[in-house]
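Going letter by letter, the sequence shown gives residues 1 to 465 in the working numbering. All residues carry an ideal CB built from backbone N, CA and C; glycine is no exception. The structure under discussion appears below in the form of structure tokens.
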Amino acid sequence: MYGIIVLLIYALIMIGATVFFTKKAKNTDDFHVANRNLGTITSMLSIAATWIWAPALFVSSTQAYQTGLPGLFWFLVPNIACLMVFIPFAKKIREKMPNGVTLSGYMGKTYHSNKVKGIYIFQLGGLSILSTAVQLLAGSQVLHLLTGIPFWLITILLAIIAFSYSQFSGIKASVTTDVIQIGMILIGCAIILPLSFKYSGGISTLLSGIGGITGEYTSLFDKRGLVVLLSYGLPTTIGLISGPFGDQSFWQRTFSIKKSSIGKAFFFGALIFGLVPLSMGLVGYIAAGTGFIATDTSMVNFEFISSILPQWVLVPFLFMIISGLLSTVDSNLCSAASFTCDFAIKDKQDNIKKSKLVMIALLVVAICIANIPGITVTHLFLFYGTFRASTLLPTVLTLKGKKLSSNGIFIGILCSLFIGLPVYSAGALCNIPVLQTVGSLLSLLLSGTVAIAMTRLEANKIASR
């Protein structure tokens with residue numbers, strides 16, 4: 001019963017905060033980029049909240065519990081580093097296109113190519129759909145266990161809550177609620193971690209669990225540490241480093257933040273974000289240190305908290321899950337809606353109406369994917385993690401001033417998607433670490449390699465005429 005009450009209270013807080021602290025958007029710039037006037041503090045909190053996707057609240061604990069020190073390291077460090085690596089490129093795109101809204105719009109304008117713009121919309125839009133489906137799937141599974149509400153109904157309820165405030169003022173609604181959501185998540189961590197120490201035996205229990213439940217993963221560079229590196233660390237690092245580059249949510253924030261605040265917002269946003277997986281990872285170590293045997297290792301922190309902590313602790317934990325879930329979903333709604341700016345629309349108000357239709361369409365598709373029988377977070381993550389790597393190199397090279405062939409970019413990204421992605425997925429499903437690594441590298445490198453090769457080939461043809 002308390003699960004339903006928490007869900008209702010959460011919805012009222014988010015809708016109330018949006019209506020109270022923001023005004024209904026009246027034009028395109030207001031709806032999509034908040035008139036490019038977001039401040040440092042709200043922006044860094046928003047960036048931290050947006051980067052906390054629902055499964056991340058579980059993955060850090062799972063990796064710490066199963067693969068000890070290297071498992072948590074290869075999840076935590078790249079997650080923080082990627083937002084910092086993104087900073088100079090965020091500054092660069094704002095300099096080159098001060099009135100921009102989307103990465104796809106920038107790439108299309110730079111190369112005067114609808115094909116380039118189209119393939120970027122496909123990648124960025126596809127990521128928004130997959131990301132939303134992952135949040136709804138992972139979050140609804142936990143909420144179903146806690147509340148007893150049918151899984152399919154929870155996916156719909158969560159989608160309705162996210163849409164209800166996002167459609168009111170667009171990116172301003174997303175950023176405003178992000179501030180509250182990251183607050184809920186950090187408060188939850190501040191409650192759960194100390195209590196986990198108290199009820200498990202303290203620091204000695206954590207230290208005894210730093211090698212994972214088997215006690216064998218205590219080093220980054222021994223035999224087992226290198227296995228974790230190849231099977232998990234390297235593919236994860238590639239996927240995470242490319243994460244902000246392949247996610248329109250972060251480009252949209254880049255265009256929405258005051259130009260002078262971009263670097264500070266992303267830097268401190270990364271540090272604030274890091275507190276969350278670190279806290280949940282420590283809970284994973286504590287669980288391993290007590291010898292706790294999880295029924296489902298993907299939810300070890302939830303099972304551990306349920307078994308040793310007072311039942312009331314599940315209330316802040318539930319707020320954490322919903323906040324992590326919807327902070328990403330509302331960002332995805334706003335980023336998908338921003339693609340309407342890539343097409344000529346005469347009436348700005350009409351752009352907002354079309355944007356809301358895009359939001360609804362994204363939620364419908366994501367709900368359908370999340371409710372596919374037998375589908376798991378792992379299945380979606382196989383595509384989610386490597387999907388965004390496909391545009392990294394063409395984006396970075398372009399922002400660095402390298403002029404590429406538009407045909408090369410288009411074909412290169414297709415190669416990354418249809419060669420690298422299947423190879424990585426096969427390696428992950430068959431548990432072949434080398435194949436996973438090869439697939440990740442192909443997803444990352446093919447787009448840039450093919451684009452450079454075709455650029456040189458076209459230049460040679462022109463020179464030989």
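Straight-line gap, residue i to residue j (C-alpha atoms, nearest Å)
{"i": "Ser249", "j": "Leu127", "result": "10 Å"}
{"i": "Cys472", "j": "Asn407", "result": "This structure gives no information on residue 472, because the portion of the chain shown stretches from 1 to 465."}
{"i": "Ser140", "j": "Ile52", "result": "16 Å"}
{"i": "Ala428", "j": "Thr236", "result": "12 Å"}
{"i": "Leu441", "j": "Leu380", "result": "19 Å"}
{"i": "Ile171", "j": "Val33", "result": "6 Å"}
{"i": "Gly201", "j": "Gly243", "result": "38 Å"}
{"i": "Ile191", "j": "Met184", "result": "11 Å"}
{"i": "Asp296", "j": "Ala64", "result": "14 Å"}
{"i": "Ile419", "j": "Ile241", "result": "20 Å"}
{"i": "Ser464", "j": "Asn114", "result": "28 Å"}
{"i": "Lys92", "j": "Cys334", "result": "22 Å"}
{"i": "Val85", "j": "Ser261", "result": "16 Å"}
{"i": "Ala90", "j": "Ala81", "result": "14 Å"}
{"i": "Arg456", "j": "Gly108", "result": "20 Å"}
{"i": "Leu392", "j": "Leu444", "result": "7 Å"}
{"i": "Thr62", "j": "Ser307", "result": "16 Å"}
{"i": "Ile293", "j": "Ser331", "result": "36 Å"}
{"i": "Thr481", "j": "Leu137", "result": "Outside the displayed span of the chain (1 to 465) sits residue 481, for which this structure offers no information."}
{"i": "Gly39", "j": "Ser208", "result": "43 Å"}
{"i": "Ala49", "j": "Ile462", "result": "49 Å"}
{"i": "Ile321", "j": "Ile210", "result": "25 Å"}
{"i": "Gly374", "j": "His144", "result": "16 Å"}
{"i": "Val228", "j": "Ile432", "result": "12 Å"}
{"i": "Tyr165", "j": "Thr205", "result": "43 Å"}
{"i": "Pro277", "j": "Leu57", "result": "6 Å"}
{"i": "Ser43", "j": "Val313", "result": "29 Å"}
{"i": "Gln123", "j": "Ala133", "result": "15 Å"}
{"i": "Val315", "j": "Glu303", "result": "14 Å"}
According to DSSP, residues forming a beta bridge with residue i
{"i": "Leu146", "result": "Partner(s): none; Leu146 has no beta bridge."}
{"i": "Ile257", "result": "Leu38"}
Other residues of its chain near residue i: CB distance less than 7 Å, five sequence neighbours each side excluded
{"i": "Trp152", "result": "Asn371"}
{"i": "Leu220", "result": "Leu69, Pro70 and Phe73"}
{"i": "Asn37", "result": "Lys258"}
{"i": "Ala451", "result": "Pro394, Leu404, Ser405, Gly408, Ile409 and Gly412"}
{"i": "Thr176", "result": "Ala17, Thr18, Phe21 and Thr22"}
{"i": "Gly125", "result": "Ala336 and Phe339"}
{"i": "Pro78", "result": "Thr236, Thr237, Leu240 and Ile241"}
{"i": "Met454", "result": "Ser405, Asn407, Gly408 and Ile411"}
Option in the options with minimal Cα separation from residue i
{"i": "Ser425", "options": "Lys198, Thr386, Thr455 and Gln63", "result": "Thr386"}
{"i": "Ala336", "options": "Gly71, Leu278 and Ala366", "result": "Ala366"}
{"i": "Thr102", "options": "Ser256, Leu83 and Thr62", "result": "Ser256"}
{"i": "Lys26", "options": "Asp330, Lys353, Ala453 and Phe122", "result": "Lys353"}
{"i": "Leu363", "options": "Phe163, Asn35 and Gly39", "result": "Phe163"}
{"i": "Gln66", "options": "Gly448, Ser46 and Tyr285", "result": "Tyr285"}
{"i": "Arg94", "options": "Arg253, Ile129, Val227 and Tyr232", "result": "Arg253"}
{"i": "Ile15", "options": "Phe197, Val227 and Gln181", "result": "Gln181"}
{"i": "Leu417", "options": "Glu458, Thr22, Tyr199 and Gly246", "result": "Gly246"}
{"i": "Val59", "options": "Thr42, Ile160, Ser298 and Phe266", "result": "Ser298"}
{"i": "Gly188", "options": "Val227, Thr132, Ser166 and Asn301", "result": "Asn301"}
{"i": "Ala466", "options": "Ala459, Gln167, Ala288 and Gly269", "result": "Any property of residue 466 remains undetermined from this structure, which presents the chain solely from 1 to 465."}
{"i": "Ser447", "options": "Arg388, Asn460, Gly401 and Lys400", "result": "Arg388"}
{"i": "Val142", "options": "Ser390, Phe317 and Met359", "result": "Phe317"}
{"i": "Leu421", "options": "Ser390, Pro98 and Cys430", "result": "Ser390"}
{"i": "Asn35", "options": "Phe75, Pro98 and Leu7", "result": "Pro98"}
{"i": "Leu271", "options": "Ile47, Leu357, Ile121 and Ser174", "result": "Ile47"}
{"i": "Ile129", "options": "Leu435, Thr398, Val358 and Val396", "result": "Val358"}
{"i": "Ala159", "options": "Ala459, Ser323, Gly439 and Cys415", "result": "Ser323"}
Own chain residues within Cβ distance below 6 Å of residue i, not counting five before or after
{"i": "Ile119", "result": "Phe410 and Ile413"}
{"i": "Pro225", "result": "Sequence inspection shows Gly at residue 225; the Pro mentioned does not correspond to that position. Result list for Gly225: Pro70 and Ser219, in chain order."}
{"i": "Thr147", "result": "Gly3 and Ile4"}
{"i": "Leu275", "result": "none"}
{"i": "Phe197", "result": "none"}
Cut-off 8 Å between Cβ atoms - residues of its own chain near residue i, not counting five sequence neighbours on either side
{"i": "Leu193", "result": "Ser279, Leu282 and Val283"}
{"i": "Ile156", "result": "Ile367"}
{"i": "Cys341", "result": "Thr28, His32, Val101, Thr102, Gly105 and Asn351"}
{"i": "Glu216", "result": "Gly68 and Arg224"}
{"i": "Ala87", "result": "According to the sequence as given, residue 87 is Ile; it is not Ala. Excluding residues within five positions, the ones whose Cβ falls inside 8 Å are Ile262, Gly263, Phe266 and Phe267."}
{"i": "Asp30", "result": "Ser169, Gly170 and Lys172"}
Item to check | Runs of alpha helix (DSSP H) wholly within the stretch 193 to 241 (minimum 4 residues, chain order) | outcome: Qualifying alpha helix (DSSP H) stretches, in chain order: 203 to 208, 223 to 228 and 234 to 241.
Item to check | Contiguous alpha helix (DSSP H) assignments of at least 4 residues, all confined to the stretch 290 to 371 | outcome: For the stretch 290 to 371, whole alpha helix (DSSP H) runs of length 4 or above, ordered along the chain, are 300 to 308, 314 to 337 and 348 to 370.
Checklist entry - Can you list, in chain order, the stretches of the alpha helix (DSSP H) that have 4 or more residues and sit fully within the stretch 395 to 465? => result Entirely contained in the stretch 395 to 465, the alpha helix (DSSP H) runs reaching 4 residues are, in chain order, 406 to 415, 421 to 429 and 433 to 464.
Checklist entry - Quick one: complete alpha helix (DSSP H) runs, 4+ long, within the stretch 78 to 115? => result Within the stretch 78 to 115, the complete alpha helix (DSSP H) runs of at least 4 residues are 87 to 96 and 103 to 111.
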